[in-house]
Structure formats: C-alpha cells, structure tokens
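Asks:
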Amino acid sequence: MFSDYTSAELLSIFAMQGFAGLILFSVFVLMALGLAIIFGQMGVINMAHGEFMILGAYVTYLISNLFATYLPSLFGIYFFIAMIISFVAAGALGALVEWSFIRFLYQRPLDTLLATWGLSLILQQVYRSVFGAREVGVTLPDWLMGSIPLTETIELPINGMFVMGLTLTIAVAVYLLMYKSRWGCQVRAVVQNRPMAAAVGINTARIDRITFALGCGIAGVAGSAFTMIGSTGPTAGQLYIVDTFLVVVFGGAASLLGTIASAFTISQAQSTMEFFLSGSMAKVLTLLTVVIILMIRPQGLFAMKVRK
Amino acid sequence: MSLNTRSLKTSMHSIKTVFPKGDLFYLAVLALFLGVLLPMTLDIFRLNMVGKYLTYAFVAVGLVLCWGYGGILSLGQGVFFGLGGYCMAMFLKLESSDPESTKIQSTPGIPDFMDWNQITELPWFWEPFYSLPFTIIAIIAVPTIFAYIIAVAMFKRRVGGVYFAIITQAIASILTILIIGQQGYTGGVNGITDLRTLLGWDIRTDSAKYVLYYVNFVCLMACLLIAQFVRKSKLGRLLVAMRGREDRVRFSGYDVSSFKIFVFCLGAAFSAIGGAMFTLQVGFMSPSFVGIVPSIEMVIFCAVGGRLSIFGAVYGALLVNWAKTTFSESFPELWLFAMGALFIGVVMAFPSGLAGIYKSHVEPFILRSWQKLKQAKPQPPEPPTSVPEKAPPPKTTPQNAAQPHPIVLTGSISPVGK
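Protein sequence lines, in the order shown, are assigned to chains A and H. Taking numbering that gives the first Met the number 0, the leading residue of the first sequence gets 0, the next gets one more, and so forth. Taking numbering that gives the first Met the number 0, the leading residue of the second sequence gets 0, the next gets one more, and so forth.
Okay, structure coming up:
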C-alpha cells in the first residue's frame, strides 16, 4: 500500500495524518482527563460524559450566536468566554448529578454505569428537544481560520493548533492542581486509601463532589474545543464515549500520564491507518488492538501500584 | 425394586431441589401466560411482536445468571444475540437467493447485497450455511466459542467488574463497525433482509408465525429450566459466593475463573438462541441489534424484571419492550426520557426490580389473604410459616422431607460441599 507514493509524499502524508491525529488526540485527552479523574477516584463509570462534553459544545454555540448578534465587535474573543461558561455549566450540572444520585451508588460501580447511561439518554433527548436533531456548527473568528504552510505539501490548520495549545494548557493546569495544590493532595489521598484519608480528617464526600464537578467541567471545555473542529449533534457524545473509556482503561486508571500516553497512541494509530484503510477498518483495527493488549495486560499501560 | 424406589426418591428430591417452594408454580404461571393466555387474547400481529420481545427474554435470563448471580456485567450481550441472529439469517438468505430468483443479478445465486457490492463469488465463510444442521450448530457454537475466548482471556487474568463491562462494550462497538464496514459480506447497515423460507416453508405466513411463536416459547422454557437448574445447583451457590467475596471462594480451593467462564458462555448461548429466533420471527437481522445501545438496553430488561429472578427477567423484557413500542408509537419524544428515568429509577429505587417488589409487597399480601382463607375453612391448620403456592408435595419419607432446601440469595455461603 506504500508503493503508490513517493517517499516525499509519504512523509507529507504521515505529517498531515499525524497532525490530524494530534487534533483527535486533543479531544481524547480533554475527554479522558475528566473521565480518568472521576474513575480513578470514585470508581464511577460516567457513561454520560459524552453528553457533558456536548453540553459544552452547545453552550459555545449559544455564546457564539449571542456575540454575533449583540457584540459583533468582540466576536474575536467569544471563544474564551464560551470556554469558561462551558466549564461552569458542565461542572454545575456534574455537581448536581453527583448530589442527586451518584453519591448513593458509590458502593455499586456497575449500577452507576446504568444510572449514568440513563442520564445520558435523558440529556440527549433534552438536546434534541431544545436544539433540534440537526447538527449545529459555530462560526470561527477570523484569526482562527486558515492554515500555516510549513512546506509545499504540509499545511497546519490554525484552529487545530489552537485546540492543541488549549489541551496542553488544561493538561498542565490539571497536573498542577492534582500534584501541587493542597486540594490535589487530598484527592490523591482519597484515591489511594479512602478510609485512611477520612480518618485524617479529609472530607471525602466533599472531595468526591468537587472531583466529579471538575471532571465534568473539563468535559465541558472539551466540548467547547470540539466545536472548532467539528459540528455538534445531540448524539455526538455517544460516538466518543467508548473510545474514551478505552483510552482511560488502556492508560491505566488513575494515572494521568498513562491516560495522555494512551490517548496519543490510539489517536495516532487511528488517524494514520485511516489514510491507508477505510475509516471503519482503521477504527476496528485500533480498537481490536487495544482490546487484545488489554486482555494481555489488564491493568493498562501505566498501573499505579497501591496497597489496598 | 429397592434400587428403583431409591432412584425415584432421588429424582423426586432433585426436582424439589431444583424447584423449591413456589418456583414450579411461577414457572407454570409463566407458561400459562405465554403459552395459553397471550395466544388466545392477541391477534397474530401482536403475538408476533410478543414473540419478538420474548427473544430478548433469552438474553435477559442469561444476564440474570451472569450479572445477578455471578456479578459479571456484560454490556456486549448484543454481540451474541447478533451472532446467533446472523447465523440464522445467513442460512435463510442463501435459501432465498437461489439462482432462479436472483437471475436478474450479474452473478445469480449469491445474496443480493453481495451483487450490489460487486462481489462475484460467495465468500468461504458463507458456504457452510447452505446446510441447516450446520447452521443450527453454528447458532449455538459460534457465539459460545467467541464468548469462551473473551471469557478465558479476561477471567483467567482476573479482570472483572467495570473493566469487563467496558471491554465487552468495546467488542460490541467493534463488531457493529465491522458489520457496517464490510457491506459486501454482511449486508452493511441494512443487515440481511428479505428472508422468505426455511427449507421451503414460508416463514411469513400467519400460521408460520404461530408455529414460530410456539417454537420460541418452547426454547424459552427450556432455557428457563436450564437456568433454574444452574441457579439451584452447587454452581449457582458458588456464583453467588463469588459475587460476594471472590477471594474467599478462591482460597477455598475453587477455580473461580472456570465458573465465570461457564456462566458467561451459557449466557452467550441463550442470547444466541434468542437472536436466531428473532431472525426467524422478524424476518431480518441488522447491526442495530448488535451495538452498544441495544446491548445496554438488554441489561435494563433484566434489571427491570429483577436481576435475581429468571422469571422476572422474562416479564421485564416483555414489559420494557411493550412500553417502548407503545411510547414510541404515541410519544416518540418522551420515550428516551422514560427510558432514562427507568435506568436511574430501577438502579436507585428498585435494585431488585419487579421480582423484588413482588417479593416484598405482593407475596406477603397473598400469603396473608391465603392464611385468612385457610382459617375460615374448617381444615386441619397448617403451620403458619408454610408457603401455600407449594406444588403438591410428592410423597416422601420423613427423612427425605426433613432435608432443608436453603435458598441462598445473599452473599453468605452455607456449607456447599456436602
């Protein structure tokens, strides 16, 4: 399959597909970070995570429309405001969900899976009723349009670079929060040993709620970023949820580094293969490889060694 | 002579062990409901729909064993349902695409969707499906072997809980993408449609639908009997024990993973029978019964019916599907809300489903009214703890009757090895 291309062409193909893979990687990382934090700490499988992401996307869509109608002069910076509001909205909804039913189900992880699936169905129908079944897209501000030509055959789209920068910023922020702040220290204590953390005076219930809200908030930002590279429909979240779960499990739950590494591997593999095979076969091969590796190494790439 | 009575005694005893107290009664009620009441009251269109719902009951019964008893939540039962259904559909499709009726195609004698996808030769894995015996074996064997591979890979490495759930879900996703992507070999997103005859017997007529309904009914009853046997056997108790404390069972010297593998394969085989019956009754098979969404819906059938009750699972499958049809006919918008609320509500408020509600509310009520009825009658009084729905007790020696039949539903283990 390589023989049809010259080596220069192949290089460009790999570069371009690699870049497309990096954009996919960014979305995966943003989704998976939130999921990994929640799963790692509480053992909760949040099947509605994709819908939290879509909430962010719809919020961004609304804000961009508001700016276009009322504040056209400030349209260039709407995205930053939309991102913050998406974060707050998704985080608030996350806190509400945690308070209203997730907290009763911590002892039954398989049941949280079903309950959050129910939540995702409800949210999907809400989106469908409010925004309609058709996909919506946002208008990008001028400075995000276009691309930077690197060589004759390689061009880098600006919006993709922006999303990557955003992902990097958020990943660094999460890292600082988890490993440098007092709150992060408490979270890690709860992850490692919940009863002991409670015994030394950490309010684990409160930590749980904030963590859940934070995870959902990051999903909201992911949705915000998602609008820049694709359009949003009510069921778009479901398309990503299985991939994201695999990313989290493949990386090793509760390991942020592992999550990022596995997101990188999966997205790169998928987007490079996509060029040579059909899209569906690329996905099948990627997922299959991940599943087989998980069967051989069930604890994931980077397992945290914890004494329970 | 003495040997004969002893074997009779043991068989009586084993019947009582497999069907303690009311279970035989519930089985009879279910059989009467499905086998007599519904066919008498519903027209053939509705009955065919009930038959379709009942094919999901196979999956739900399998899930009761896997999830309710074994604590293995599989979100990929649609895979086995689909594999069984596709095996059946491949046979029927080959029969309906004989060279005579497909002579307008550029390659006569192959299924129409292959012709549309410029495939000129029947793929090798379709060839054996010309034979009905092979097909019937394949319906059970293919999904079971597939389940066995997954289960061995996972359970031998002690993967369980949510990891297992996610991986089965991923497998469901992979299979769906594969089926849709390989349109020429599988019929793609439309699935395998336009199935007409089974060995020359038209499956679309009303009489055929009645026959198929009863075939389905008999298969379901057989699966229920197997499930009941597993539930009441030592295996069932071990499953419950494993669900409670897996390490303790392992430390007691049991090979935990083989029991899990067995029950997962059994669930897969049940699902596959359901899938094949689905294809026969509905007349097509498509990837929309394989993927993530249908697979997780199958779990809710089981959860609504009661994850610990094989009979409850059948009612759950009927009820949820009936509600789905009714709602989506009249209020399509509300259906997803109702379904979502059902997921949350069942998990939050009724973790043991309809069967649990029946056990905690309806059964005591029936018991009480039965007691009153008995007291009113001038009959020799029975001890108040007896359960009236007991099947007519077989004549047993006192020694036999004194043997207890514990029903262990909680995590605790009563002495298992006798």
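Cβ coordinates follow ideal geometry from the N, Cα and C atoms, glycine included.
(1) Using a beta-carbon distance cut-off of less than 7 Å, what residues from the stretch 151-166 of chain H approach chain A?
(2) Sorted by chain position, which residues of the same chain lie with C-beta nearer than 6 Å to H/F112's C-beta, five sequence neighbours on each side aside?
(3) Is the Cβ of A/T258 closer than 9 Å to any Cβ of chain H?
(4) Taking H/A316 and H/A59 to be in contact with their CB atoms under 8 Å, please state how far apart those CB atoms are, rounded to whole angstroms.
(5) Please confirm if A/V283 has its CB atom under 9 Å from at least one CB of chain H.
(6) Just how far apart, CA to CA, sit H/L162 and H/F228?
(7) Give the residues of chain H in contact with A/S128, contact being defined as C-beta atoms less than 8 Å apart.
(8) 9 Å is my cut-off, CB to CB: does H/W66 come that close to chain A?
(9) Show which residues of chain A have a CB atom less than 9 Å away from the CB atom of H/G180.
(10) Within a Cβ cutoff of 8 Å, which residues of the same chain sit near A/A132, ignoring the five residues on either side of it in sequence?
(11) What are the residues in the stretch 352-367 of chain H lying within 9 Å of chain A by C-beta distance?
(12) When Cβ atoms are compared, which residues of the stretch 103-118 of chain A fall closer than 9 Å to chain H?
(13) Who are the neighbours of H/L72 on chain A, taking C-beta pairs under 8 Å?
(14) Please classify H/T101: does DSSP put it in a helix, a strand, or coil?
(15) Using a Cβ-Cβ cut-off of 6 Å (strictly less than) and excluding sequence neighbours within five positions of A/A281, which residues of its own chain qualify?
(16) Could you pull out every residue in the same chain whose Cβ sits closer than 7 Å to the Cβ of A/V248, ignoring the five residues on either side in sequence?
(17) How big is the Cα-Cα spacing for A/M163 and A/G17?
(18) Just by C-beta distance, which residues in the stretch 309-321 of chain H are closer than 8 Å to chain A?
(19) Less than 9 Å between CB atoms is the rule here; does H/G266 satisfy it with respect to chain A?
(20) Evaluate A/I62 with the Cβ neighbour count: other Cβ atoms within 10 Å of its Cβ, from every protein chain shown; 16 or more gives buried, anything less gives exposed.
(21) Look at the Cβ atom of H/V289, then the Cβ atom of H/L174, and state whether they are nearer than 9 Å.
(22) Between A/G219 and A/G90, how many whole angstroms is the CB-CB distance? I'm expecting something under 8 Å.
(23) Is the distance from the Cβ of A/Q237 to the Cβ of A/G117 below 9 Å?
(24) Tell me the DSSP secondary structure of H/I109 in three-state form.
(25) Between A/V289 and chain H, is any beta-carbon pair separated by less than 9 Å?
(26) What do you reckon, are the CB atoms on H/V49 and H/L37 nearer than 9 Å?
(27) Buried or exposed: which applies to A/I37, given that a residue is buried once 16 or more other Cβ atoms fall within 10 Å of its Cβ?
(28) Report the start-end ranges of each alpha helix (DSSP H) in the stretch 297-372 of chain H that is 4 residues or longer and not cut off at the edges.
(29) At what residues does the alpha helix (DSSP H) containing A/S6 begin and finish?
(30) Between H/Q168 and chain A, is there a C-beta pair that is closer than 9 Å?
(31) Based on the DSSP output, what are the partners of A/S230 in its beta bridges?
(32) Any C-beta of chain A sitting closer than 9 Å to the C-beta of H/F342?
(33) Are the C-beta of A/G357 and some C-beta of chain H separated by less than 9 Å?
(34) Excluding five sequence neighbours on each side, which residues of the same chain lie with their C-beta closer than 6 Å to the C-beta of H/P110?
(35) For the stretch 98-169 of chain A, which segments carrying the alpha helix (DSSP H) assignment without a break, of at least 4 residues, lie completely within its bounds, in sequence order?
(36) Check A/R296 in the structure and name its three-state DSSP category.
Replies: According to the structure data:
(1) A152, M153, R156, V158, G160, V161, Y162, A164, I165, I166
(2) In the second sequence, the residue the question calls residue 112 of chain H occupies position 113. Closer than 6 Å at the Cβ level, and outside the excluded window around H/F112, lie G186.
(3) For the purposes of this step, residue 258 of chain A is identified with residue 259 of the first sequence, where counting begins at 1. It does not; no Cβ of chain H falls within 9 Å.
(4) As a first step, residue 316 of chain H is located in the second sequence; it is residue number 317 there, counting from the start. As a first step, residue 59 of chain H is located in the second sequence; it is residue number 60 there, counting from the start. Contact holds; Cβ gap of about 5 Å.
(5) Start at 1 with the first residue of the first sequence, and residue 283 of chain A comes out as number 284. Closer than 9 Å to some Cβ of chain H, the Cβ of A/V283 qualifies, so yes.
(6) Within the second sequence, the letter at position 163 stands for residue 162 of chain H. Within the second sequence, the letter at position 229 stands for residue 228 of chain H. Just to set this straight, residue 162 of chain H is Tyr in the shown sequence, not Leu. Each residue's alpha carbon lies about 29 Å from the other.
(7) Indexing the first sequence from 1 puts residue 128 of chain A at position 129. The contacting residues are E332.
(8) By 1-based counting over the second sequence, the position of residue 66 of chain H is 67. So, interface residue.
(9) As a first step, residue 180 of chain H must be located in the second sequence, where it is residue number 181. Those within 9 Å of H/G180 in chain A are S277, G278, S279, M280, K282, V283.
(10) For the purposes of this step, residue 132 of chain A is identified with residue 133 of the first sequence, where counting begins at 1. The answer, listed in chain order, is G232, P233.
(11) none
(12) F103, L104, R107, P108, L109, D110, T111, L112, L113, A114, T115, W116, G117, L118
(13) Here residue 72 of chain H corresponds to residue number 73 of the second sequence, with the count starting at 1. Chain A residues near H/L72: L109, L112.
(14) Within the second sequence, residue 101 of chain H is the residue found at index 102, counting from 1. Residue state, collapsed to three classes: coil.
(15) The residue given as residue 281 of chain A occupies position 282 in the first sequence. Result list for A/A281: Q269, M272, E273, in chain order.
(16) Within the first sequence, residue 248 of chain A is the residue found at index 249, counting from 1. Counting only Cβ-Cβ distances below 7 Å, and skipping sequence neighbours, we find L293, G299.
(17) Position 164 of the first sequence, counting from 1, holds the residue named residue 163 of chain A. Position 18 of the first sequence, counting from 1, holds the residue named residue 17 of chain A. Going from the Cα of A/M163 to the Cα of A/G17 covers about 13 Å.
(18) Correct list: empty, as no residue qualifies.
(19) In the second sequence, the residue the question calls residue 266 of chain H occupies position 267. Chain A, which has no Cβ nearer than 9 Å to the Cβ of H/G266, makes this no.
(20) Here the question's residue 62 of chain A lines up with position 63 in the first sequence. Classification for A/I62: buried.
(21) Looking up residue 289 of chain H in the second sequence gives position 290. Looking up residue 174 of chain H in the second sequence gives position 175. The answer is yes: Cβ separation under 9 Å.
(22) Start at 1 with the first residue of the first sequence, and residue 219 of chain A comes out as number 220. Start at 1 with the first residue of the first sequence, and residue 90 of chain A comes out as number 91. That belief holds up - the Cβ atoms of A/G219 and A/G90 are roughly 7 Å apart, short of 8 Å.
(23) Reading the first sequence from its first residue, position 238 is the one you call residue 237 of chain A. Reading the first sequence from its first residue, position 118 is the one you call residue 117 of chain A. No.
(24) For the purposes of this step, residue 109 of chain H is identified with residue 110 of the second sequence, where counting begins at 1. Looking at H/I109 - three-state DSSP - the assignment turns out to be coil, as it is neither helix nor strand.
(25) Along the first sequence, one-based indexing puts residue 289 of chain A at 290. Cβ-Cβ to chain H under 9 Å: yes for A/V289.
(26) By 1-based counting over the second sequence, the position of residue 49 of chain H is 50. By 1-based counting over the second sequence, the position of residue 37 of chain H is 38. With contacts defined by Cβ atoms closer than 9 Å, H/V49 and H/L37 form a contacting pair.
(27) In the first sequence, the residue the question calls residue 37 of chain A occupies position 38. Classification for A/I37: buried.
(28) 309-329, 331-347, 352-356
(29) Looking up residue 6 of chain A in the first sequence gives position 7. 6-41 is the extent of the alpha helix (DSSP H) around A/S6.
(30) One-based indexing of the second sequence puts residue 168 of chain H at position 169. Taking Cβ atoms only, chain A reaches closer than 9 Å to H/Q168, which makes this a yes.
(31) Here residue 230 of chain A is taken as the residue at index 231 of the first sequence, counted from 1. In the DSSP output, where bridge partners are listed per residue, A/S230 has none listed.
(32) Reading the second sequence from its first residue, position 343 is the one you call residue 342 of chain H. Chain A contact via Cβ: present.
(33) The question about residue 357 of chain A has no answer here: the residues shown for chain A are numbered 0 through 307.
(34) Walking along the second sequence from the start, residue 110 of chain H turns up at place 111. Contacts found: K92, S96.
(35) 108-130
(36) The residue labelled residue 296 of chain A in the question sits at position 297 within the first sequence. Three-state DSSP puts A/R296 in coil, outside helix and strand.
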